[in-house]
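> In UniProt numbering, the protein residues as written are 1 to 99. We put the beta carbon where it would ideally sit given N, CA and C, even for glycine. Since the model is a prediction, treat every value here as computed from it, not as a measurement.
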């Protein structure tokens, strides 16, 4: 999940979907390359049904941090490297190396 604001997330924050608690963040931190907070979490269906991509992409998500809710987006692939090129050593631009 990616928050729409720069807020600190650490893990164990509640994930809300359409005003229902549907999961929690397992871990989170600030994503410098994205300029926002990012977290990995678990989501379950509130009615006990199977969680599908359609279910994940529908509705409005929020993450609760210190009693306040912040809007969030769900990503099934990494928003940083969605095509997984960096894992394969493929870079679209040269990497700057400090000497």
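Restricting to runs no shorter than 3 residues, where is the beta strand (DSSP E) found entirely within the stretch 6 to 51?
Within the stretch 6 to 51, the complete beta strand (DSSP E) runs of at least 3 residues are 14 to 17, 20 to 31 and 36 to 43.
> To the nearest whole angstrom, what separates the beta carbons of residue 26 and residue 42, a pair I think is in contact under 8 Å?
The pair is a contact, with the Cβ atoms about 6 Å apart (cut-off 8 Å).
> Note the first and the last residue of the continuous beta strand (DSSP E) segment covering residue 80.
Segment: none, residue 80 is in no beta strand (DSSP E) and carries neither H nor E.
> Opposite residue 64 in the DSSP bridges: which residues?
According to DSSP, residue 64 bridges with 14 and 69.
> Just curious, the alpha helix (DSSP H) that residue 56 is in, first and last residue?
Element bounds for residue 56: 53 to 57.
> Would you please state the rounded distance, in angstroms, between the beta carbons of residue 59 and residue 17? I believe it to be under 8 Å.
With a Cβ gap of about 5 Å, residue 59 and residue 17 count as contacting.
> Work out the CA separation of residue 80 and residue 13 for me, nearest whole Å.
Roughly 22 Å between the two C-alpha positions.
> Can you grab the Cα-Cα spacing for the pair residue 4 / residue 91, in whole Å?
Each residue's alpha carbon lies about 27 Å from the other.
> Select from 19, 23, 20 and 39 the residue whose C-alpha is nearest the C-alpha of residue 7.
The residue with the shortest Cα to Cα distance from residue 7 is 39.
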